[in-house]
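Numbering (the working numbering), first residue to last: 36 to 331. Glycine included, each C-beta is placed from N, C-alpha and C at the ideal position.
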Amino acid sequence: MSKRIGALEAGGTKMVLAVGDADGNIEEQVSMPTVAPDEVVPQMAAWFAERNVDAIGIGAFGPTAVNPKSPDFGRILFTPKLAWQGYDFLGNVRKGCDVPMGYDTDVNVACLGEATFGCARGLDSVVYITIGTGIGAGVMIGGELVHGMLHPEAGHILLTVSPGDPGSCICPSHDRCFEGLASGPSIEARWGAPAKKLVDRPEVWELESDYIAQALETYVVCYSPQKIILGGGVMHQEQLLPLVREKFAAYLNKYLRTPELEDLDSYIVPNSLNEKQGILGCLELGRRALEAQADR
36 MSKRIGALEA GGTKMVLAVG DADGNIEEQV SMPTVAPDEV VPQMAAWFAE
86 RNVDAIGIGA FGPTAVNPKS PDFGRILFTP KLAWQGYDFL GNVRKGCDVP
136 MGYDTDVNVA CLGEATFGCA RGLDSVVYIT IGTGIGAGVM IGGELVHGML
186 HPEAGHILLT VSPGDPGSCI CPSHDRCFEG LASGPSIEAR WGAPAKKLVD
236 RPEVWELESD YIAQALETYV VCYSPQKIIL GGGVMHQEQL LPLVREKFAA
286 YLNKYLRTPE LEDLDSYIVP NSLNEKQGIL GCLELGRRAL EAQADR
């Protein structure tokens with residue numbers, strides 16, 4: 036009998052819960068609003084316990100401690116969501132459902148989902164970027180999700196402000212970072228409307244694509260990924276991706292010459308799993324936790 040794996044994609048707005056198997060088949064899925072942790076986490080743990088899952092994979096919004104050797108492992112760290120600051124997320128899920136658990140960031144599990152089930156299957160070095168309410172990057176190098184003293188916060192790399200930008204960086208910590216210049220809230224602050232209402236404003240997408248292309252050039256020279264995947268609500272604008280590829284090529288300026296970079300249509304791509312890359316990545320994270328326990 037195949038093992039039942041729980042998946043928990045914990046976002047800043049909603050929590051998505053699912054039960055599936057190691058092959059990526061989803062049996063059941065629900066969502067709950069991201070309210071105070073003492074309210075929502077016991078509900079989620081009970082939901083998984085009632086379904087007799089054998090393991091759970093959790094992808095959490097960050098910053099969060101992802102190093103199992105850290106005393107803060109599984110805790111949410113500094114966040115504007117004050118009720119969540121310092122909260123032992125992993126520990127409190129485990130209190131209500133004590134099974135093997137894998138824990139990582141939401142963008143890392145999205146990267147893992149694409150590498151396991153999606154357009155990056157078979158590759159071992161991939162960067163997944165989500166551009167929406169915030170900007171985050173999941174990074175896989177050599178088949179392993181990248182961790183260090185914490186985890187990549189590649190949404191906060193510093194960019195060059197484009198000449199004529201009528202707005203400003205909205206990040207409280209930086210004056211010219213990727214998230215502060217190109218996230219959904221930044222677009223709305225600059226242009227007075229959300230991205231979905233600016234479809235017919237070419238100047239919006241010329242500027243947005245410039246910032247995304249700058250960031251991708253940095254990721255390529257730092258991480259040397261075999262593929263870059265772009266997700267998040269802002270990337271629902273179909274006119275954006277061709278502009279990003281064009282500007283990326285100009286910024287890279289043929290400094291690197293590889294077979295992958297000869298075909299940018301196949302190198303810089305949209306997510307391929309119908310917005311389920313995070314949940315599917317959580318299933319894989321849970322499978323790995325189950326496998327790790329069996330190997331002990």
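Taking the straight line between their C-alpha atoms, what separation do you get for Val142 and Tyr246?
Here residue 142 is taken as the residue at index 107 of the sequence shown, counted from 1. Here residue 246 is taken as the residue at index 211 of the sequence shown, counted from 1. Taking the straight line joining both Cα atoms gives about 19 Å.
In or out: Thr195 buried (at least 16 other Cβ within 10 Å) or exposed?
Translated into positions along the sequence shown, residue 195 becomes position 160. By the neighbour-count rule (16 or more Cβ atoms within 10 Å), Thr195 is not buried but exposed.
Can you tell me where the beta strand (DSSP E) with Thr69 in it begins and where it stops?
The residue labelled residue 69 in the question sits at position 34 within the sequence shown. Careful: Thr69 lies outside any beta strand (DSSP E) and carries neither H nor E.
Does DSSP put Pro305 in a helix, in a strand, or in coil?
Here the question's residue 305 lines up with position 270 in the sequence shown. Looking at Pro305 - three-state DSSP - the assignment turns out to be strand.
So what does Thr140 bridge to, in DSSP terms?
Position 105 of the sequence shown holds residue 140. Answer is Ala95.
Helix, strand or coil for Phe193 per DSSP?
In the sequence shown, residue 193 corresponds to position 158, counting from 1. Per the sequence shown, residue 193 should be read as Leu rather than Phe. The answer is strand: DSSP assigns Leu193 an E or B state.
Determine the burial state of Leu291: buried for a count of at least 16 other Cβ atoms within 10 Å of its Cβ, exposed for fewer.
Within the sequence shown, the letter at position 256 stands for residue 291. Exposed is the call here.
If we count Cβ pairs, one from each stretch, closer than 8 Å, do we get three or more for the region 213 to 222 versus the region 166 to 186?
yes
Where do the N-terminal and C-terminal ends of the alpha helix (DSSP H) with Val51 fall, by residue?
Taking the first residue of the sequence shown as 1, we reach residue 51 at position 16. In the DSSP assignment, Val51 falls outside any alpha helix (DSSP H) and lies within the beta strand (DSSP E) extending over Lys49 to Gly55.
Go through its chain and collect everything with a Cβ distance to Glu295's Cβ below 8 Å, but skip five positions before and after it.
Here residue 295 corresponds to residue number 260 of the sequence shown, with the count starting at 1. Cβ within range, chain order: Gln261, Lys262, Ser301 and Tyr302.
Which first and last residues belong to the alpha helix (DSSP H) in which Tyr246 is found?
In the sequence shown, counting from the first residue as 1, residue 246 sits at position 211. Residues Pro237 to Tyr258.
Taking Gly316 and Gly131 to be in contact with their CB atoms under 8 Å, please state how far apart those CB atoms are, rounded to whole angstroms.
By one-based count along the sequence shown, residue 316 stands at place 281. By one-based count along the sequence shown, residue 131 stands at place 96. So it is not a contact: roughly 22 Å between Cβ atoms.
What's the call for Pro187, buried or exposed, on a 16-neighbour Cβ count within 10 Å?
On the sequence shown, residue 187 is found 152 positions in, with the first residue counted as 1. Looking at its Cβ environment, which holds 16 or more other Cβ atoms inside 10 Å, Pro187 is buried.
Looking at the structure shown, is Glu310 part of a helix, part of a strand, or coil, going by DSSP?
Position 275 of the sequence shown, counting from 1, holds the residue named residue 310. Glu310: coil per DSSP, three-state reduction.
Just to confirm my understanding: we take Ile192, look at its own chain, exclude 5 residues before and 5 after, and list those with CB closer than 7 Å. What are they?
Counting from one through the sequence shown, the residue named residue 192 turns up at place 157. Taken in chain order, the residues that qualify are Cys212, Phe213, Ala250 and Thr253.
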